[in-house]
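Asks: Sharing a structure below in structure tokens format, with a few things to ask.
Protein chains: 2
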Amino acid sequence: GESIYKISWTEPTGTDVSLIVNLGDKLFHGTIFFPRWVMNNPEKTVCFQNDHIPLMVSYREAGPAYPTEVIDEFATITFVRECGADNDEVINCPANELPDNFPANL
Amino acid sequence: GESIYKISWTEPTGTDVSLIVNLGDKLFHGTIFFPRWVMNNPEKTVCFQNDHIPLMVSYREAGPAYPTEVIDEFATITFVRECGADNDEVINCPANELPDNFPANL
Numbered sequence: 092g093e094s095i096y097k098i099s100w101t102e103p104t105g106t107d108v109s110l111i112v113n114l115g116d117k118l119f120h121g122t123i124f125f126p127r128w129v130m131n132n133p134e135k136t137v138c139f140q141n142d143h144i145p146l147m148v149s150y151r152e153a154g155p156a157y158p159t160e161v162i163d164e165f166a167t168i169t170f171v172r173e174c175g176a177d178n179d180e181v182i183n184c185p186a187n188e189l190p191d192n193f194p195a196n197l
Numbered sequence: 092g093e094s095i096y097k098i099s100w101t102e103p104t105g106t107d108v109s110l111i112v113n114l115g116d117k118l119f120h121g122t123i124f125f126p127r128w129v130m131n132n133p134e135k136t137v138c139f140q141n142d143h144i145p146l147m148v149s150y151r152e153a154g155p156a157y158p159t160e161v162i163d164e165f166a167t168i169t170f171v172r173e174c175g176a177d178n179d180e181v182i183n184c185p186a187n188e189l190p191d192n193f194p195a196n197l
């Protein structure tokens, strides 16, 4: 489809993600496949994971991985801005450290 | 997008799948997340898996699951037919048992 992009990746936690960004309709759809241990103990993954890769991998290896939980969810795109490639400032903190006025601050 | 469908599931092997069917453009895009053991020994999964669920689960548990392999691929949709819901005759054999003249036989 025109102006529709699909982005997929796998994470150090073992979580698989496949997202659709529909810029024409300002719609977003995400599918996430969570290992069972993330469903059982989501608090283990609520951090800026880039700073804790070996810990995430150790959780992944400890499991249990299965049964995988498939989550589908829609969202509305409310803000779009060109920020350049490989810009690590776009996401640079965990959600709980975002300013109180986010996303109005952008 | 109009006439675009997303279908996602997880399999007894631990494989995660998220497919896009674009009926307007007759385009297909699939993302598959393969556990490492499927990449190492794909021949273990080449069968009509519905007849071998406990075996697939035992392979899944034996692993290794990680690192996950992410595969993205496009395909062209060449044939569309309404077959009704829950029709197990649509896919009823492994690929190697399809007739020589498939899909011309449809």
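For the record, the sequence lines run as chains W and D.
Numbering-wise (my numbering), the first sequence opens with residue 92 and increments by one.
Numbering-wise (my numbering), the second sequence opens with residue 92 and increments by one.
Don't be surprised by glycine CBs; every beta carbon is placed ideally from N, CA and C.
Predicted, not measured: the structure shown is a model, and the values here were computed from it.
How big is the Cα-Cα spacing for ASN141/D and THR136/W?
Replies: 34 Å
Asks: Mind checking if SER149/D is an interface residue toward chain W, Cβ cutoff 7 Å exclusive?
Replies: Not one beta carbon of chain W lies nearer than 7 Å to the beta carbon of SER149/D.
Asks: On the CB-based measure, 16 or more other CB atoms within 10 Å of its CB, does PHE124/D come out buried or exposed?
Replies: buried
Asks: Alpha carbon to alpha carbon, what distance is there between TYR96/W and ALA156/W?
Replies: 29 Å
Asks: Is there contact here, the region 111-120 of chain D with the region 162-178 of chain D, by at least three beta-carbon pairs under 8 Å?
Replies: yes
Asks: Listing by chain order, which chain W residues have their CB less than 8 Å from the CB of VAL161/D?
Replies: SER99, TRP100, THR101 and ASP107
Asks: Within the 7 Å Cβ cut-off, does ALA156/W reach chain D?
Replies: yes
Asks: ASN131/W lies in the alpha helix (DSSP H); which residues open and close that run?
Replies: 127-131
Asks: Below 8 Å CB to CB, which residues in the same chain sit around PRO185/W once its five sequence neighbours on both sides are set aside?
Replies: VAL137, CYS138 and PHE139
Asks: With a threshold of 16 other CB atoms inside 10 Å of the CB of THR159/D, please say whether the residue is buried or exposed.
Replies: buried
Asks: Go ahead and label THR104/D buried or exposed: buried means 16 or more other beta carbons lie within 10 angstroms of its beta carbon, across all protein chains shown.
Replies: buried
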